[in-house]
């Protein structure tokens, strides 16, 4: 027999794996990370750095740099996300106006900037200045008449088609992952799933460029959701520069959670709302440390955007409003009605959009993404141009709908009949009867509302970057403004009714239609996404309307209740299920009385579980097992007879370990014994050197007994982020439950197709 001492004498060959080797601890694409292992690896790394820091000044400085690296990453994410958001805002502003005309003094100026710099602009005609020319004025020297209108109409459609075609082509050729909103995938990635390239540099570059193109094309989509994806790409890029994050997938996800907060911060100019959005909507694991860092990243991003000042109003957002009248208790009824509308619209949108996206996936329609984008863009542009409320960018539309009618407003929505004897301060204009402009605006808004509801269903989910926040808010704002004008006129003409008598006297400014638009926008956004707390905070940060938190809360809660009555899934969860991502939603409840033994594999009649033994298999046996199966890992038992569990070895690490051993260690051949014990087994003389793989063995795999209720197992998978869990009875291995087994079982219990959760 060869004893251990003799073997150690030959250069301690079998222990080379006590040093880490390249790629160990990394994961395959489309696999789930092991949160517990990542956490323990980070704890070991931290312990090593802390003990080394006492050895020398240099090690102490290195430990300080390691501690500060998290804050440095947050600073860099905030700066880049804020800069990109500012550039996107400026570019969108210019390219949206380019569809209608061009600035002669400087072609890179948008319409507004062009007329700012002009000395010949009057207050009444602030949108008209000689430097800004519509295409008809520039090409055929006509500003009015049928020919000018047709030419402008034609060029508007051509520019829209050009932008959309360029965007979909760039996405298709360079970065297929740059399409869509990105939030469903980011939720899945943050829950521990690996999608390589989804947060890569190409995706970042193409998404930023194409986002400008698609928003400028006038399609019914927003840039807010994709900005979260852009910020997460920034987070992924900067975390790859620091080994603390690049080598630990769990730590990397903490950075991505904070990046998502920075994305919402710059999308809406709402830093606190961004942190709450990350916590409530996208993050899976959100420790207190991540909360502080998210707060810092959101602050830096908002500060950077404010420094760029893309809207020229010293605000972080386009639709900042200030209302001068309080709201009254009687108004809660229309606010709650708007909440009901928001919930119904959310349900309708989710069902129709998912049905359309499923059709796209399962029919030939999905094979022609470019054609689909071109057709939808053409339809949008043709229908949108004649209506002034759909022609302009959606952000400008929301801004106008939120606005309070002051004495200086030139909008059609503010065309009221003034009392010639009125002598009141500018800020406090009393309620007045609606003029012809308001009635025209009302039917135009009604048409725009129907158009937006229909076209958004077909637009969201195409192969281009597409956000849903702004179209949802536009639908709600249009409905809200119309309700607001209705209530205002009712209060003016019937101020003696009992509901108006106490708070709406003649000559008083009692109803603010813009507030109804704001509440409607919150209700519709809540109905589609099912956000509550973060939604209300985003809305009051967005509009500066701190006084109106109660109406916003009432509308958000009502819309969630109404929408939840028809189905618990928000739009992002619905898209996660549609794409079959392995996502265990914390909000889902599991109430069925099944046991671990009902779900574990192997089931009755199936082949026995593929296992490794602790000291009786050769390298060739292990390689054959790996080749013949596609499992992500193998339980290690004492022997196939006893089946006493020792630990768990990951497939990828077995492959890497054997490959490295063959390259770096002499004497390891196909019939070398592989052992997972501390001491080598006793072997006959002249047998090849054994291979020690104890270092890659997880000695504390998570186990449950066969009689553990599935309710508990599901909870364990959710809260600990497990990849798999072994089922034992009295220390004997019976089977294994993976995350996909849990998802399949949950789908089966909900009478759904269990194969629908398999990611394709």
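In the UniProt record's numbering, the protein residues as written are 1 to 760.
From the three backbone atoms N, C-alpha and C, an ideal C-beta is built for every residue, glycine too.
Keep in mind that this is a model prediction, so the values were computed, not measured.
Tell me whether residue 263 sits in a helix, a strand or coil according to DSSP, three-state version.
Counted from its first residue, the chain shown places residue 263 at position 263. Here residue 263 sits in helix by DSSP.
Using the Cα positions of residue 590 and residue 574, report the straight-line distance between them to the nearest angstrom.
Taking the first residue of the chain shown as 1, we reach residue 590 at position 590. Taking the first residue of the chain shown as 1, we reach residue 574 at position 574. For residue 590 and residue 574, the distance between alpha carbons rounds to 18 Å.
Under 8 Å between the Cβ atoms of residue 186 and residue 85?
As a working mapping, residue 186 is identified with position 186 in the chain shown. As a working mapping, residue 85 is identified with position 85 in the chain shown. No.
May I ask you to verify whether the segment 230–237 touches the segment 47–60, counting CB pairs closer than 8 Å and requiring at least 3?
no
Along the chain, where does the beta strand (DSSP E) containing residue 463 start, and where does it finish?
Position 463 of the chain shown holds residue 463. Premise fails: residue 463 is in no beta strand (DSSP E) and is neither H nor E.
How is the alpha helix (DSSP H) around residue 522 delimited, first residue to last?
On the chain shown, residue 522 is found 522 positions in, with the first residue counted as 1. That run of the alpha helix (DSSP H) goes 513–529.
Hey, could you find the ends of the alpha helix (DSSP H) residue 543 is sitting in?
Locating residue 543 in the chain shown gives position 543, where the first residue counts as 1. Run containing residue 543: 533–543, per the alpha helix (DSSP H) assignment.
Residues bridged to residue 332 by DSSP?
Here residue 332 corresponds to residue number 332 of the chain shown, with the count starting at 1. Its beta-bridge partners do not exist; DSSP assigns none.
Tell me which same chain residues have a C-beta within less than 6 Å of the C-beta of residue 153, skipping the five on either side of it?
Locating residue 153 in the chain shown gives position 153, counting from the first residue. The answer, listed in chain order, is 385.
Would you identify the three-state DSSP class for residue 282, choosing helix, strand or coil?
Numbered from its first residue, the chain shown carries residue 282 at position 282. It is helical.
Go ahead and pull the three-state DSSP assignment for residue 624.
As a working note, residue 624 is residue 624 in the chain shown. Three-state result, residue 624: helix.
What residues in its chain sit with their C-beta under 6 Å from that of residue 296, if we drop five residues either side in the sequence?
Taking the first residue of the chain shown as 1, we reach residue 296 at position 296. Closer than 6 Å at Cβ, skipping near neighbours: 74.
For residue 207 and residue 66, what's the separation of their Cα atoms in angstroms?
Here the question's residue 207 lines up with position 207 in the chain shown. Here the question's residue 66 lines up with position 66 in the chain shown. Looking at the two C-alpha atoms, the distance is approximately 31 Å.
Let me confirm a value: residue 135 is counted as buried when at least 16 other C-beta atoms fall within 10 Å, else exposed. Which label applies?
Taking the chain shown and counting its residues from 1, the one referred to as residue 135 is at position 135. Buried, by the Cβ-count rule.
In angstroms, rounded to a whole number, what distance separates the CA positions of residue 743 and residue 27?
On the chain shown, position 743 is the one that residue 743 refers to. On the chain shown, position 27 is the one that residue 27 refers to. Computed Cα separation, rounded: 21 Å.
Exposed or buried, what is residue 745 when buried is set at 16 or more other beta-carbons lying within 10 Å of its beta-carbon?
Within the chain shown, numbered from 1, the residue matching residue 745 stands at position 745. Label assigned to residue 745: buried.
In or out: residue 145 buried (at least 16 other Cβ within 10 Å) or exposed?
Position 145 of the chain shown holds residue 145. Flag for residue 145 reads exposed.
Confirm, please, whether the CB-CB distance from residue 98 to residue 167 is below 8 Å.
Taking the first residue of the chain shown as 1, we reach residue 167 at position 167. Taking the first residue of the chain shown as 1, we reach residue 98 at position 98. The answer is no: Cβ separation not under 8 Å.
Would you identify the three-state DSSP class for residue 737, choosing helix, strand or coil?
Position 737 of the chain shown, counted from the first residue, corresponds to residue 737. Strand, per DSSP.
Does the contact criterion of 3 or more C-beta pairs under 8 Å hold for the segment 578–596 versus the segment 363–371?
no
Which same chain residues, not among the five before or five after residue 482, have their C-beta less than 8 Å away from its C-beta?
Taking the first residue of the chain shown as position 1, residue 482 is located at position 482. These residues qualify, in order along the chain: 442, 445, 446, 449.
CA-CA distance, residue 238 and residue 200?
The residue given as residue 238 occupies position 238 in the chain shown. The residue given as residue 200 occupies position 200 in the chain shown. Straight-line Cα distance between these residues: approximately 11 Å.
Taking only heavy atoms of the ligand MG into account, decide whether any of them is closer than 7 Å to the Cβ of residue 256.
The model depicted lacks the ligand MG and carries no ligand whatsoever.
Cβ of residue 394 less than 8 Å from any chain C Cβ?
Although the question refers to chain C, the structure presented lacks it and comprises just one protein chain.
Taking the straight line between their C-alpha atoms, what separation do you get for residue 377 and residue 658?
As a first step, residue 377 is located in the chain shown; it is residue number 377 there, counting from the start. As a first step, residue 658 is located in the chain shown; it is residue number 658 there, counting from the start. The alpha-carbon atoms of residue 377 and residue 658 are separated by roughly 55 Å.
From residue 323 to residue 543, what distance separates their C-alpha atoms?
Numbered from its first residue, the chain shown carries residue 323 at position 323. Numbered from its first residue, the chain shown carries residue 543 at position 543. Straight-line Cα distance between these residues: approximately 10 Å.
Could you name the residues that DSSP lists as bridge partners for residue 675?
Taking the first residue of the chain shown as 1, we reach residue 675 at position 675. DSSP, once it has assigned bridges, lists 692 as partnering residue 675.
Determine the direct distance from the alpha carbon of residue 387 to that of residue 523, and round the result to whole angstroms.
As a first step, residue 523 is located in the chain shown; it is residue number 523 there, counting from the start. As a first step, residue 387 is located in the chain shown; it is residue number 387 there, counting from the start. Residue 523 and residue 387: Cα-Cα distance of roughly 25 Å.
Between residue 302 and residue 269, which are expected to be in contact by the criterion C-beta below 8 Å, what is the C-beta distance as a whole number of angstroms?
The count along the chain shown starts at 1 and reaches residue 302 at position 302. The count along the chain shown starts at 1 and reaches residue 269 at position 269. 6 Å between Cβ atoms; contact.
Taking contact to mean 3 or more Cβ pairs, one atom from each stretch, closer than 8 Å, check whether the segment 331–340 and the segment 558–571 are in contact.
yes
Report yes if the CB atom of residue 413 is closer than 8 Å to the CB atom of residue 400, and no otherwise.
Stepping through the chain shown from its first residue, residue 413 is reached at position 413. Stepping through the chain shown from its first residue, residue 400 is reached at position 400. Taking 8 Å as the Cβ cut-off, residue 413 and residue 400 qualify as a contacting pair.
Can you look up residue 250 in the DSSP assignment and give me helix, strand or coil?
As a working note, residue 250 is residue 250 in the chain shown. In the three-state reduction of the DSSP assignment, residue 250 falls in the helix class.
Do you know how far the Cα of residue 33 is from the Cα of residue 720?
Along the chain shown, read from residue 1 onward, the residue named residue 720 stands at position 720. Along the chain shown, read from residue 1 onward, the residue named residue 33 stands at position 33. Roughly 11 Å separates the two Cα atoms.
I need the straight-line Cα distance from residue 333 to residue 438, nearest angstrom please.
Along the chain shown, read from residue 1 onward, the residue named residue 333 stands at position 333. Along the chain shown, read from residue 1 onward, the residue named residue 438 stands at position 438. Using only the alpha carbons, I get a separation of about 23 Å.
Hey, could you find the ends of the beta strand (DSSP E) residue 724 is sitting in?
On the chain shown, residue 724 is found 724 positions in, with the first residue counted as 1. Where residue 724 is concerned, the enclosing beta strand (DSSP E) stretches over 724–729.
Among 216, 289, 354, which residue has its Cα nearest to the Cα of residue 391?
Position 391 of the chain shown holds residue 391. Looking at the Cα atoms, 216 is the closest of the given residues.
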